[in-house]
Each structure stands twice: as structure tokens, then as C-alpha cells.
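Data first, discussion second: the structure below is written as C-alpha cells.
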Amino acid sequence: MDLPVLWFTLIAILFTGFFFLEGFDFGVGMSTRLIAKNQHERHQLMSTIGPFWDANEVWLITAGGALFAAFPNWYATMFSGYYTLFVVFLLVLIARGVAIEYSHHAQTDKTVNYWHWLIFISSALAPFLLGVLFTSLVQGMPIDADMHLYGQFTDYVNLYSIVGGVSVMLLSLVHGLTFIGIRTEGDVRIRAKKYLSNLFIILLAGEIIFAALTYTSTDFFTVRPLATPILLTITFVCTIFAWLWSTKKRERLAFIMTGIAFTSVIVMLFVGLFPRVMISSIDPAYNLTITNAASGAYTLSVMTKVAVTLLPFVLGYQIWSYYVFRKRIRPLN
Numbered sequence: 041m042d043l044p045v046l047w048f049t050l051i052a053i054l055f056t057g058f059f060f061l062e063g064f065d066f067g068v069g070m071s072t073r074l075i076a077k078n079q080h081e082r083h084q085l086m087s088t089i090g091p092f093w094d095a096n097e098v099w100l101i102t103a104g105g106a107l108f109a110a111f112p113n114w115y116a117t118m119f120s121g122y123y124t125l126f127v128v129f130l131l132v133l134i135a136r137g138v139a140i141e142y143s144h145h146a147q148t149d150k151t152v153n154y155w156h157w158l159i160f161i162s163s164a165l166a167p168f169l170l171g172v173l174f175t176s177l178v179q180g181m182p183i184d185a186d187m188h189l190y191g192q193f194t195d196y197v198n199l200y201s202i203v204g205g206v207s208v209m210l211l212s213l214v215h216g217l218t219f220i221g222i223r224t225e226g227d228v229r230i231r232a233k234k235y236l237s238n239l240f241i242i243l244l245a246g247e248i249i250f251a252a253l254t255y256t257s258t259d260f261f262t263v264r265p266l267a268t269p270i271l272l273t274i275t276f277v278c279t280i281f282a283w284l285w286s287t288k289k290r291e292r293l294a295f296i297m298t299g300i301a302f303t304s305v306i307v308m309l310f311v312g313l314f315p316r317v318m319i320s321s322i323d324p325a326y327n328l329t330i331t332n333a334a335s336g337a338y339t340l341s342v343m344t345k346v347a348v349t350l351l352p353f354v355l356g357y358q359i360w361s362y363y364v365f366r367k368r369i370r371p372l373n
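Residue numbering for the sequence shown follows the numbering used here, beginning at 41 and increasing consecutively.
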């Protein structure tokens, strides 16, 4: 495998891992205002992701760092063209992290309530913004011959990107609710199951709309006529199985299915892009590809050796942390 192909694949894996892991974090954050009825239940919910949420965000940081080192032209074009959106997203993540930490140290009920509202809002905004970013990117953006992106408001915010943002937000919420089912005991677990029953209908409808807009708004069905429908079908089928298993109290299977549904969407986006990394709506000749956006062979070679050496330790640590904190969280008094 060529090194640019290898690093495109690794970056896709990092983003996919981020959405799988941080997706349920966002979903738990949103659920604090949807299924929790008091501060004790909100603390119980946040305790389910307490040992994990900051480590899960490392996947995004690593993906950004790998993007910068392996594909500097991709990094420069995307981060400059999406500067405002990335700044807003970064502020949302900062607000969420601060709110999670400060909610445990607040002295009054009013202050605790304030931080919990901030957790809810930021947990909903973060996946929505990422959905807008990725879906607008795969539609194609006005990129010129010098790899400069000159986007207008409607290039970023349009029907497809909004539907994509809402779909990612809904997937995160469903993924989080199934995670609550395997990590909690008591009333919140029961309410999560009841809430899922109605939410799956909305999610399935959103997935159908998203698939239809993917057909009309991108060239994925043309450049990947087999992989795109297969991955979208996997997303739809896994969502149905998650729905069925959640009603039968088989929460672990339901969680696995929502995770596969989520990751199938992200994989579909990267597979549809390849070998492109950014699509120019001005002229296909201006597309950024894994060839013209990549670093030199020496840089990629060194990065590969470092990744092969360090990655097993990082993955081993994260797997161990999930094993250590695997028990259910009981209701707090």
C-alpha cells in the first residue's frame, strides 16, 4: 500500500473512531435534559462517561495532527476555508469540557443547573456542526487552482448540510441512549429505553432523507456505485436491528448496532471521497487528492514508524480503561 493511501486510511479510521466513541458522549450529554428529571439523575448520567469523554476527544486531536503532517495542503485548505466553523466548534468543545468539570464543583443548585444546560446545548451543537462540515465538504466547495477555498454562506449551510448535521446529532443521541442502557441502573435506564422507541422512527426517516440527498447532492453513487448503497443499507439495517434489540433489553447488541450504523455513514463519506480529499465545485482539475495534498515520502515514512510503535500502547490503555470502568452506574442519592 502506498503511504498516502495508508495515511488517508488511518485518518479515516481516526475520524470514524472519534464519531463512534465521542458520539455516545454527545448523546449522553443531550440526554441529561431529555430523560433525567433531577440533578442526581443528571450526575448519574454524566458519571457514565466521566472516565472516558476526554480520552475520546483525543481521537479528534490525533486525526487533526495526522492531517496536518500527512496532508498539509488538505489541512491548509480545509482549516482556512472552514475557519469560522472550526472556531465555533472549538468554543463549543471548550464550553462542554468546562461545564462537565465545573458541574461537579458547583456550590448551588442554580449554578449546577446552569452547567448542566451548557452540557446539553454544547453536546447537541458539536455533532451538528461536524455533520454540517463533513456533508458540505463532500458536496464540493469552490476551490481554485491555488487550493484556495472561497466559500459563500450557502456553500456551507444548505439543505444537504443541515440534514447531515441533524442526522449526526440524532445518531449521537440514539448511540448515547443505548450506551446509557448498558451503563446505568434504575429509572434513567427505563426512560432511555422508552425514549428510544420514538426516536428510532425519527432517525430512520432522517436516514432515508439523507440517503436521497446524498444521491442528488454528491457524485458518490457515480464514483462508488456499489460501496455507497451498500454502506447506506448497512446504516439503515443496523438502525432497525438496534431498535428491535433495544425493545428486548439486549442493550449491548443495540449499542453495537448503533455504533456500526454511525461508523458506516462516516466510512461512506471517506470511501466516496477517495482518492480525492476535497472536491472543487469550480473544476474537477482543482480537486485536492491524496497525491497533490500529501507530504513527501520521507515525512510519511517517519510518521508510519512512529505510529506503528506508539499506537498499540495508546489503544491498549484505552481498552483497559473501558474494562476497569465497565460496571453499571447506580442511582445517586
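Don't be surprised by glycine CBs; every beta carbon is placed ideally from N, CA and C.
Local Cβ density within 10 Å of residue i, reported as buried at 16 or more and exposed below that
{"i": "L266", "result": "exposed"}
{"i": "E62", "result": "buried"}
{"i": "Q141", "result": "Position check: residue 141 holds Glu in this sequence, whereas Gln was assumed. With fewer than 16 other Cβ atoms within 10 Å, it is exposed."}
{"i": "H145", "result": "exposed"}
{"i": "H80", "result": "exposed"}
{"i": "L167", "result": "It should be pointed out that residue 167 corresponds to Pro in this sequence rather than to Leu. It counts as buried."}
{"i": "A333", "result": "buried"}
{"i": "W155", "result": "buried"}
{"i": "L351", "result": "exposed"}
{"i": "T268", "result": "buried"}
{"i": "V203", "result": "buried"}
{"i": "V307", "result": "buried"}
{"i": "F353", "result": "exposed"}
{"i": "A4", "result": "Since the first residue shown for the chain is 41 and the last is 373, residue 4 is missing from the structure and cannot be characterised."}
{"i": "L213", "result": "buried"}
{"i": "S375", "result": "An answer regarding residue 375 cannot be provided, because it is not within the stretch 41 to 373 covered by the chain."}
{"i": "D65", "result": "buried"}
Reduced DSSP secondary structure (H/G/I, E/B, other) of residue i
{"i": "V197", "result": "coil"}
{"i": "K211", "result": "Looking at the sequence shown, residue 211 is not Lys but Leu. The answer is helix: DSSP assigns L211 an H, G or I state."}
{"i": "L328", "result": "strand"}
{"i": "I140", "result": "helix"}
{"i": "I75", "result": "coil"}
{"i": "T224", "result": "strand"}
{"i": "I101", "result": "helix"}
{"i": "I322", "result": "coil"}
Start-to-end residues for the alpha helix (DSSP H) that takes in residue i
{"i": "M187", "result": "Neither: M187 is in no alpha helix (DSSP H) and is coded neither H nor E."}
{"i": "P352", "result": "A337 to V364"}
{"i": "H80", "result": "Q79 to I89"}
{"i": "D149", "result": "D149 to Q179"}
{"i": "F92", "result": "Looking at the DSSP string, F92 is not in any alpha helix (DSSP H), and its letter there is neither H nor E."}
{"i": "R292", "result": "E291 to L313"}
{"i": "T275", "result": "A267 to T287"}
{"i": "F261", "result": "F260 to V263"}
{"i": "F111", "result": "No alpha helix (DSSP H) contains F111, which DSSP labels as neither H nor E."}
Residue i versus residue j: straight-line alpha-carbon distance, rounded
{"i": "T287", "j": "P315", "result": "41 Å"}
{"i": "R136", "j": "F126", "result": "15 Å"}
{"i": "R370", "j": "D259", "result": "48 Å"}
{"i": "T275", "j": "L50", "result": "22 Å"}
{"i": "S304", "j": "S207", "result": "13 Å"}
{"i": "L284", "j": "K233", "result": "11 Å"}
{"i": "R231", "j": "V348", "result": "43 Å"}
{"i": "L158", "j": "G69", "result": "9 Å"}
{"i": "V45", "j": "T344", "result": "12 Å"}
{"i": "V311", "j": "T273", "result": "15 Å"}
{"i": "T339", "j": "A109", "result": "8 Å"}
{"i": "S120", "j": "G105", "result": "15 Å"}
{"i": "L253", "j": "I296", "result": "26 Å"}
{"i": "H215", "j": "F250", "result": "18 Å"}
{"i": "V138", "j": "A337", "result": "40 Å"}
{"i": "L170", "j": "F261", "result": "22 Å"}
{"i": "F92", "j": "I300", "result": "19 Å"}
{"i": "F60", "j": "N238", "result": "22 Å"}
{"i": "D94", "j": "V172", "result": "23 Å"}
{"i": "T148", "j": "V317", "result": "49 Å"}
{"i": "T88", "j": "R368", "result": "8 Å"}
{"i": "R73", "j": "K150", "result": "15 Å"}
{"i": "A379", "j": "K289", "result": "Nothing about residue 379 can be reported from this structure: the residues present for the chain run from 41 to 373 only."}
{"i": "M86", "j": "F160", "result": "11 Å"}
{"i": "H188", "j": "T102", "result": "24 Å"}
Element boundaries [beta strand (DSSP E), containing residue i]
{"i": "R316", "result": "R316 to M318"}
Any non-hydrogen atom of the ligand MN within 6 Å of residue i CB
{"i": "A282", "result": "In the structure shown, the ligand MN is absent, as is every other ligand, since no ligand is present at all."}
- At least 3 beta-carbon pairs within less than 8 Å: the segment 216-236 vs the segment 164-183: Touching, no.
- At least three beta-carbon pairs within less than 8 Å, the segment 109-123 to the segment 325-334: Contact between the segment 109-123 and the segment 325-334 is present, with at least three C-beta pairs closer than 8 Å.
- Spell out a yes or no on whether the segment 191-202 and the segment 163-176 are touching, meaning 3 or more CB-CB pairs, one atom from each, closer than 8 Å. Touching, yes.
- Query: Are at least three pairs of beta-carbons, each pair with one atom in the segment 91-107 and one in the segment 357-366, less than 8 Å apart?
  - Reply: Result yes; three or more Cβ-Cβ pairs closer than 8 Å.
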